[in-house]
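*Asks:*
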Amino acid sequence: MAESPTILVIGPRWVGDMVMAQCLFSALRELHPHAAIDVL
Numbered sequence: 082m083a084e085s086p087t088i089l090v091i092g093p094r095w096v097g098d099m100v101m102a103q104c105l106f107s108a109l110r111e112l113h114p115h116a117a118i119d120v121l
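Below, the structure written as structure tokens:
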């Protein structure tokens with residue numbers, strides 16, 4: 082059985098930038114619904 086892919090996103094340092102990056106996380110989830118998405 083194939084493993085689901087893992088995506089690591091190195092997030093921005095500032096809280097406001099992280100809030101603005103939420104659309105990126107949503108898009109990644111839509112494109113890769115079975116992937117594990119981790120944010121550092």
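Residue numbers 82 to 121, in this note's numbering, belong to the letters of the sequence shown in order.
Quick reminder that beta carbons are idealized off the backbone N, C-alpha and C, glycines included.
Treat the numbers as computed from the prediction; the structure is a model and nothing was measured.
1. Within a Cβ cutoff of 6 Å, which residues of the same chain sit near T87, ignoring the five residues on either side of it in sequence?
2. Do you know offhand how far D119's Cα is from C104's?
3. Within a Cβ cutoff of 6 Å, which residues of the same chain sit near V90, ignoring the five residues on either side of it in sequence?
4. Which value, in whole angstroms, describes the spacing of the CA atoms of H113 and G92?
*Replies:* Reading off the structure:
1. Closer than 6 Å at the Cβ level, and outside the excluded window around T87, lie A117.
2. Going by the C-alpha atoms only, they are around 15 Å apart.
3. So the qualifying residues of the chain are V120.
4. Spanning the alpha carbons of H113 and G92 requires a straight line of approximately 18 Å.
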